[in-house]
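**Student:**
Residue numbers (my numbering): 3 to 146.
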């Protein structure tokens, strides 16, 4: 499994996508609120519909720390469920263990939340779970 998608600077990626992925990125985005690179400060022309959808998909992948295939599988599952696909997708992503560890305040970043889970520091209903993609059901207890 390639780690290429995680090697790029999170601050640079945050500035490119316009969303703070880490506390450090949030701090540095205040200093430079424009996109990185030689042409970052210029006013952008309106993006095409494809460019907007691609940027939103990249933002979603970066925020949840997912690979392309993981996101595609989750999207297909959300599409099969009744109701609005977008709401179903967000619901499925927020039910992931790494996402809940981050939202509960046990970790400051998505990468830190994933590491806590993989290093077996998180218990769900008293049992060690070491899969960041573990789907937590309502009512289950999460312990550190």
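Ideal placement from N, C-alpha and C gives every residue a C-beta, glycine not left out.
1. In the structure shown, what three-state DSSP assignment does residue 46 receive?
2. Taking the continuous alpha helix (DSSP H) assigned at residue 72, which residues delimit it?
3. Would you call residue 49 buried or exposed, if buried means 16 or more other Cβ atoms sit within 10 Å of its Cβ?
4. Verify whether the separation of the beta carbon atoms of residue 12 and residue 28 is less than 8 Å.
5. By DSSP, does residue 21 sit in helix, in strand, or in coil?
6. Under a Cβ-count criterion, where at least 16 other Cβ atoms within 10 Å of its own Cβ denotes burial, should residue 112 be classed as buried or exposed?
7. Looking at C-beta atoms only, is the number of pairs between the region 90-103 and the region 119-133 that lie closer than 8 Å three or more?
**Tutor:** Here's the rundown:
1. coil
2. 70-82
3. exposed
4. no
5. DSSP, read as helix, strand or coil, puts residue 21 in coil.
6. By the 16-neighbour rule on beta-carbons within 10 angstroms, residue 112 is buried.
7. These segments touch.
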